[in-house]
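Since the structure comes first, as C-alpha cells, the remarks are kept for the end.
There are 2 protein chains.
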Amino acid sequence: MSSIKVGLFGLGTVGEGIVNVISKARNADAEIKRICVRDASKPRNVNVPKSMITENRSDIFEDPEINLIVEVINDPEAAFEIVSEALSRGISVVSGSKTMIARHLPELIELQRKHNVSLLYDASSCGSIPVIRNLEEYYDNDLLLEVKGILNGSSNFILSRVFDHNESYDQALQTAIDLGFAEADPSFDIEGYDSLYKLIIITVHALGVYVKPNDIFTYGITHISDFDINYAREKRVKIKLVAQVVKISDNRFTMFVMPEFVTKSRYIYSVDDEYNGVVIRGECYDRQFMFGKGAGSLPTASSILSDMVAHHHGYKYDYKKMGYADVPQYTTDVLLKVYIRFLETPILESLPFISIQERYISKSNNYIIGEIKLCDLISHREILDHQDVSLINISRFFEDLDQ
Amino acid sequence: MSSIKVGLFGLGTVGEGIVNVISKARNADAEIKRICVRDASKPRNVNVPKSMITENRSDIFEDPEINLIVEVINDPEAAFEIVSEALSRGISVVSGSKTMIARHLPELIELQRKHNVSLLYDASSCGSIPVIRNLEEYYDNDLLLEVKGILNGSSNFILSRVFDHNESYDQALQTAIDLGFAEADPSFDIEGYDSLYKLIIITVHALGVYVKPNDIFTYGITHISDFDINYAREKRVKIKLVAQVVKISDNRFTMFVMPEFVTKSRYIYSVDDEYNGVVIRGECYDRQFMFGKGAGSLPTASSILSDMVAHHHGYKYDYKKMGYADVPQYTTDVLLKVYIRFLETPILESLPFISIQERYISKSNNYIIGEIKLCDLISHREILDHQDVSLINISRFFEDLDQ
Numbered sequence: 046m047s048s049i050k051v052g053l054f055g056l057g058t059v060g061e062g063i064v065n066v067i068s069k070a071r072n073a074d075a076e077i078k079r080i081c082v083r084d085a086s087k088p089r090n091v092n093v094p095k096s097m098i099t100e101n102r103s104d105i106f107e108d109p110e111i112n113l114i115v116e117v118i119n120d121p122e123a124a125f126e127i128v129s130e131a132l133s134r135g136i137s138v139v140s141g142s143k144t145m146i147a148r149h150l151p152e153l154i155e156l157q158r159k160h161n162v163s164l165l166y167d168a169s170s171c172g173s174i175p176v177i178r179n180l181e182e183y184y185d186n187d188l189l190l191e192v193k194g195i196l197n198g199s200s201n202f203i204l205s206r207v208f209d210h211n212e213s214y215d216q217a218l219q220t221a222i223d224l225g226f227a228e229a230d231p232s233f234d235i236e237g238y239d240s241l242y243k244l245i246i247i248t249v250h251a252l253g254v255y256v257k258p259n260d261i262f263t264y265g266i267t268h269i270s271d272f273d274i275n276y277a278r279e280k281r282v283k284i285k286l287v288a289q290v291v292k293i294s295d296n297r298f299t300m301f302v303m304p305e306f307v308t309k310s311r312y313i314y315s316v317d318d319e320y321n322g323v324v325i326r327g328e329c330y331d332r333q334f335m336f337g338k339g340a341g342s343l344p345t346a347s348s349i350l351s352d353m354v355a356h357h358h359g360y361k362y363d364y365k366k367m368g369y370a371d372v373p374q375y376t377t378d379v380l381l382k383v384y385i386r387f388l389e390t391p392i393l394e395s396l397p398f399i400s401i402q403e404r405y406i407s408k409s410n411n412y413i414i415g416e417i418k419l420c421d422l423i424s425h426r427e428i429l430d431h432q433d434v435s436l437i438n439i440s441r442f443f444e445d446l447d448q
Numbered sequence: 046m047s048s049i050k051v052g053l054f055g056l057g058t059v060g061e062g063i064v065n066v067i068s069k070a071r072n073a074d075a076e077i078k079r080i081c082v083r084d085a086s087k088p089r090n091v092n093v094p095k096s097m098i099t100e101n102r103s104d105i106f107e108d109p110e111i112n113l114i115v116e117v118i119n120d121p122e123a124a125f126e127i128v129s130e131a132l133s134r135g136i137s138v139v140s141g142s143k144t145m146i147a148r149h150l151p152e153l154i155e156l157q158r159k160h161n162v163s164l165l166y167d168a169s170s171c172g173s174i175p176v177i178r179n180l181e182e183y184y185d186n187d188l189l190l191e192v193k194g195i196l197n198g199s200s201n202f203i204l205s206r207v208f209d210h211n212e213s214y215d216q217a218l219q220t221a222i223d224l225g226f227a228e229a230d231p232s233f234d235i236e237g238y239d240s241l242y243k244l245i246i247i248t249v250h251a252l253g254v255y256v257k258p259n260d261i262f263t264y265g266i267t268h269i270s271d272f273d274i275n276y277a278r279e280k281r282v283k284i285k286l287v288a289q290v291v292k293i294s295d296n297r298f299t300m301f302v303m304p305e306f307v308t309k310s311r312y313i314y315s316v317d318d319e320y321n322g323v324v325i326r327g328e329c330y331d332r333q334f335m336f337g338k339g340a341g342s343l344p345t346a347s348s349i350l351s352d353m354v355a356h357h358h359g360y361k362y363d364y365k366k367m368g369y370a371d372v373p374q375y376t377t378d379v380l381l382k383v384y385i386r387f388l389e390t391p392i393l394e395s396l397p398f399i400s401i402q403e404r405y406i407s408k409s410n411n412y413i414i415g416e417i418k419l420c421d422l423i424s425h426r427e428i429l430d431h432q433d434v435s436l437i438n439i440s441r442f443f444e445d446l447d448q
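Structure (C-alpha cells):
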C-alpha cells in the first residue's frame, strides 16, 4: 500500500500540530508534500522547508503525487471552496473546519457521492474525542436516544473559573483570554455558535438528519450575571453551556444550545476547564460518557491523523442513518422548564409561559421559573437578547406536545 | 445488500439480550434464524418460536442462509470449538467470550487470515463501551501510551459499597450477590481474571502485542481487609481494582491487574457501582476517558449488535499494530511502589524491596510501603497469597529499569 501524501491547507495552530504529530507517529506512513498558506512569508513555529510552502492552491490540486488533502484553515468560505474543489477533482479530504462543514454538509455529502471520494471530519467535533466516528460506526443503529454535552472548551473554561475558582464572569473571561483558552474576540465561543456547529454535525451522524444553523435555538453564556451565578451556587449546581439533541418520541427529536443548571449527579458536572464531555444515551446501553481535550493544537491534530489513516484504509462515512425508512423529524414544539432572570423587560407579559412554578421579585433582580415551548423562545428571541435578561435551562426531560 | 441472518449460540443473559435488542433496532436489518443451546427444554425469558431452538450445532453450521454466527456461551472451551469451526467453514463470527478470546487470540487471528473471515468481539471488553473498536481504528497509531481502567463491574460494585456505603468487604460482597452484580461463585471477578482477560484483548489492539494470561501479574480484591479499607479512608482515597497496560519507553511496556489506591483527582475515582471506565492516554491527545455500563444483558447485546452491523458493512479488525516495524516488548522488569499489609508472614525478609518508604508495626497489623520490581512480585507470588497479606498498588509512574 502506498503511503499517505498530504497536501495541507493551513499552517495555524492545528496545521502546526499536524506537522508535529506526523513526525511523531512513525508507523502512520504519512508525509506532508506541500502546504498552502495565505502568507508564505509569515514566520512559523514548526520547522518545514521553505520550498514546501506555497500560496498557490493549484500547487496542491495539480500535484499528482498528493493523494489526500487536509484542510485546517480558519476562513469557512475559503475552506468550502478548497474542500469542494478537492472533492470535485476526485481527491479525498480530511477537514477540521466545523463552521464550514455545519453550513454546507448537504452539498458536501452530495459531492462525496457524485465523485466517489471521502470527506472525514472527526476533528471538527470535540477535537480528540472520537464522537463522529463512534456515532457513525458504533452507535450505528436506531437505539440512540440522545447526545448531550459540553462541546466548547472556551466557554467551559470561563464557567469553570467562575464555579471552581470563584471568579466573576468578567474576571473569568479575562483569565481565559490571558491563558489562551479564549480568542481576543470570544463571541463565536461564548455566544454558543461553536457548540451549535458541532451539534449540527453530531446530529447528522447521530440521527441522520441535517438541520440548518438558523433553525436551531442557540443561547450563549454572555448574559450570565453575578445574580445567576449566586443563584446557582446557593442551589449547589453549576451553570454549563450544554448542546443537546434528544429524541422525544419514536419519530421526533429536538435540539438546542443553552446554558443549563447542572446538578452534581450528572456526568457533565465534572467536565471542567477546557475539557469537553459528551453523553450518548441509548435505549439498551443507557448512558455512555466520553471525555477529553476538545481543542488545542496536538489533540486536534491527532484526530486529523486518525482520519488520515482511516481514509488510507478505505474508510468513508456511509451516512447510513440518513437512509433509514423512518428518519425522525426535527421539532421545536417541545416544552422546556427554564429560569429567566430580568429587571425591566416585561418577561411575564411578553413570553407565553404554559405554567409558572416560581416568581422572585426584588428591586435589583427578578426571575421566573416556568414552562415554555422551545418554539416560543425562538419566536420571542429579541426579548431574550435584552441586556437585562438571562435564560438558563432546567428541564432534563421534555414533553413532546404533539403526542 | 442482503440482510443479516444470524445463527446464535447461547441463550443466557446476553443471548436473551440479543433477541431483545434485534427486535428494537428496526433499521439494522438483522434476524435470528436459529439458536443453538445446551438444553432446548429449559424455559427462557424471551419469546422465540420453539422451532428456532436446537441442540445440534450443525443445524447452524450447515444452514446456507446463515451468514453470521453470534457466540455468547459461558463455557470458554466449547466457545473456542464453535468459533474455530465457524471460521474454518468460512463463516464470520461475533463473540462476547472474553476468556476464550484472551486465551486463544493468536490462533483466532490466524484462522481469520487463513479463511479470510472476520471475528469481532467488542462486547468482550467493557460491554457497551466501544474500547476495542476505538483502539483498533481511532487510536490506530503509535501515539498511544497507556490504557488503564476499571474493567470489572462486580468487583467495582463491591468496592463501591465499601467506600460509598460504608459496608464491610463481606457485607459488600453479599450485597453484590444479592442484587445480581456478582455471581454466587464470584472468584472469576474478584480475583481479577475477568479484568485480566479484558486487558489481554485490549493490549492486542492498543499495542499490537499478545501476552499470555499466565505471564501477567493478577492480584484481585479478595485479600482486602478492614484495616486496608480504614487506611484508604484515612488517606481519603478509594481502593479500585485497576487493569493497566503502560508503555514505559519507546520499545517496552508492562501490564498487570492489581488493587490500587486512587485519589480523588483521577478520572477512575468516580467510576462507581457496576460501571466500567477506561482512560486512554496518548502522546498528543493526553487522556481520554470512556465510561459506561460494562456488562449486563442489554448493554452487552447492543455492543454485539454494533459488531453484527459492522461486519455486515465489511468491517474486520486489521491488527495493524501487530505489523509495525517496532512493536514494543513486554517487560515485568519495572519498579512499582506498593503497600503490603501483613501480620505473621515475614514480608520484609521474604520480598526483595529496592527501598522502603514507610513501616508500620502494631500487634494486629503491619504494613510496608516500598518499591519493588513487578517481576519480584511475580516470583514471590505464593507469599502474597498468604491469608494475612494484602497488596495494593500506589505507583502512578513506572521506572523502566533497563533504560
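Protein sequences appear in the order of chains A and B.
No gaps in the numbering here: position 277 of the first sequence is 322 in this note's numbering, and each next residue is one more.
No gaps in the numbering here: position 45 of the second sequence is 90 in this note's numbering, and each next residue is one more.
Backbone N, C-alpha and C fix where the C-beta goes; we use that ideal spot for every residue, glycine too.
Q) Per DSSP, which one or two residues make a beta bridge with B:Lys365? A) The partner list for B:Lys365 (beta bridge, DSSP) is empty, contrary to what the question assumes.
Q: Would you mind sorting A:Gln448 into buried or exposed? The rule is 16 or more other CB atoms within 10 Å of its CB.
A: Since pLDDT at A:Gln448 reaches only 39, below the 50 mark, its modelled position is unreliable, and no value is offered.
Q: For my contact list, A:Ser440 and A:Asp167 are in at a C-beta cut-off of 8 Å; report their separation, rounded to the angstrom.
A: Not quite, the Cβ-Cβ distance comes to about 30 Å (not below 8 Å), so this is no contact.
Q: Classify B:Ser47 as helix, strand or coil using the three-state DSSP reduction.
A: The answer is coil: DSSP assigns B:Ser47 none of H, G, I, E or B.
Q) Taking just the CA atoms, how far does B:Gly135 sit from B:Ser47? A) B:Ser47 and B:Gly135 have their alpha carbons spaced roughly 18 Å apart.
Q. When the cut-off is 8 Å and only beta carbons count, does B:Ser48 lie next to chain A?
A. Any Cβ of chain A closer than 8 Å to the Cβ of B:Ser48 would place that residue at the interface, and such an atom is absent.
Q | Start and end residues, alpha helix (DSSP H) containing B:Arg79 | A | Careful: B:Arg79 lies outside any alpha helix (DSSP H), inside the beta strand (DSSP E) at Ala75 to Cys81.
Q) In terms of residue numbering, what span does the beta strand (DSSP E) encompassing B:Phe306 cover? A) In the DSSP assignment, B:Phe306 falls within the unbroken beta strand (DSSP E) covering Arg297 to Val307.
(Q) Using a Cβ-Cβ cutoff of less than 7 Å, which residues in the same chain neighbour B:Pro151 once the five nearest sequence positions on both sides are dropped? (A) Its chain contains Tyr255 as the residues whose beta carbon lies nearer than 7 Å to that of B:Pro151, once the 5 sequence neighbours on both sides are disregarded; these appear in chain order.
(Q) Can you tell me which residues form a DSSP beta bridge with B:Ile413? (A) B:Ile413 pairs with B:Ile385 and B:Arg404.
Q) What residues of chain B sit near A:Met367, judged by a beta carbon separation below 9 Å? A) Using a Cβ-Cβ cut-off of 9 Å, A:Met367 is close to nothing in chain B; its nearest Cβ partner there is about 11 Å away.
Q. Between the Cα of B:Lys78 and the Cα atoms of B:Pro121, B:Lys280, B:Tyr276 and B:Asp104, which residue gives the shortest distance?
A. Comparing Cα positions, the closest option is B:Asp104.
Q) Do A:Ala288 and A:Leu196 have their CB atoms nearer than 8 Å? A) Yes, the pair counts as a contact, with Cβ atoms nearer than the cut-off.
Q) Measuring CA to CA, which of A:Val139, A:Pro258 and A:Lys418 is closest to A:His149? A) Ranked by Cα distance from A:His149, the options A:Val139, A:Pro258 and A:Lys418 are led by A:Pro258.
Q) Quick one: what's got a C-beta closer than 6 Å to B:Lys464's C-beta in the same chain, skipping five residues either side? A) The first residue shown for chain B is 46 and the last is 448, placing residue 464 of chain B beyond what the model contains.
Q. Which value, in whole angstroms, describes the spacing of the CA atoms of A:Leu113 and B:Gly368?
A. About 23 Å.
Q: Name the residue from B:Asn179, B:Pro304 and B:Ile284 whose alpha carbon lies nearest to the alpha carbon of B:Phe208.
A: Considering only B:Asn179, B:Pro304 and B:Ile284, the residue with the shortest C-alpha distance to B:Phe208 is B:Ile284.
Q) What alpha helix (DSSP H) runs, 4 residues minimum, are completely inside the segment 329-363 of chain A? A) Contiguous alpha helix (DSSP H) elements confined to the segment 329-363 of chain A occur at 342-357, taking only those with 4 or more residues.
**Q.** Own chain, CB closer than 8 Å to B:Cys329, minus 5 neighbours either side, in chain order
**A.** Same-chain partners within the cutoff: Leu188.
Q: Using DSSP bridges, identify the partner residues of A:Gly327.
A: DSSP lists A:Leu189 and A:Asp331 as partners of A:Gly327.
Q) Which residues mark the beginning and the end of the alpha helix (DSSP H) in which A:Glu279 is found? A) Under the DSSP assignment, A:Glu279 falls in the alpha helix (DSSP H) whose first and last residues are Asp271 to Glu279.
Q | Option nearest A:Glu182 by Cα separation, candidates A:Ile399, A:Leu252 and A:Glu122 | A | Among A:Ile399, A:Leu252 and A:Glu122, the Cα nearest to that of A:Glu182 is on A:Leu252.
Q. Could you give the C-beta distance for A:Leu381 and A:Leu429, rounded to a whole number, given that I count them as a contact under 8 Å?
A. Distance from A:Leu381 to A:Leu429 at the Cβ level is roughly 13 Å; contact not present, criterion being Cβ atoms closer than 8 Å.
Q. If you run the structure through DSSP and keep just helix, strand and coil, what is B:Ala70?
A. Here B:Ala70 sits in coil by DSSP.
Q | Cβ neighbours of A:Asp295 in the same chain (closer than 8 Å, five flanking residues each side left out) | A | Taken in chain order, the residues that qualify are Asp371 and Pro373.
Q: Can you say whether B:Lys95 is buried or exposed, counting buried as having 16 or more other CB atoms within 10 angstroms of its CB?
A: By the 10 Å Cβ count, B:Lys95 comes out exposed.
Q) So, using beta-carbon positions, are B:Gly198 and B:Gly339 closer together than 8 Å? A) Contact flag set, yes.
Q: Determine, using beta carbons only, whether A:Glu328 comes closer than 8 Å to chain B.
A: So yes, A:Glu328 belongs to the interface.
(Q) Tell me the DSSP secondary structure of A:Gly44 in three-state form. (A) Residue 44 of chain A is absent from the structure shown; chain A starts at 46 and stops at 448.
Q) So, helix, strand or coil for B:Gln432, using DSSP? A) It is coil, neither helix nor strand.
Q) Hey, does A:Val64 have any beta-carbon neighbour from chain B nearer than 8 Å? A) Look at A:Val64: its C-beta is not under 8 Å from any C-beta on chain B.
Q) Which residue spans inside the segment 131-204 of chain B form an unbroken beta strand (DSSP E) run of at least 3? A) Whole beta strand (DSSP E) segments, 3+ residues: 138-140 and 189-195.
Q) Interface residues of chain B around A:His358 at Cβ under 9 Å? A) Ordered by position in chain B, the residues that pass the 9 Å Cβ test against A:His358 are Glu182, Asp185, Asp363 and Lys365.
Q) Excluding five sequence neighbours on each side, which residues of the same chain lie with their C-beta closer than 8 Å to the C-beta of A:Asp84? A) If the five residues before and after A:Asp84 are omitted, its C-beta is found closer than 8 Å to the C-beta atoms of Glu100, all from its own chain and listed in chain order.
Q. Does the separation of the CB atoms of B:Ser407 and B:Glu61 fall below 8 Å?
A. Annotated as distal: B:Ser407 and B:Glu61, with beta-carbon spacing of 8 Å or more.
**Q.** Residues, ordered as in the chain, of the segment 323-351 of chain A that lie near chain B by beta-carbon distance below 8 Å
**A.** Within the segment 323-351 of chain A, the residues whose Cβ lies closer than 8 Å to some Cβ of chain B are Gly327, Glu328, Cys329, Tyr330, Asp331, Arg332, Gln333, Phe334, Met335, Phe336, Gly337, Lys338, Leu343, Pro344, Ala346, Ser347, Ser348, Leu350 and Ser351, listed in chain order.
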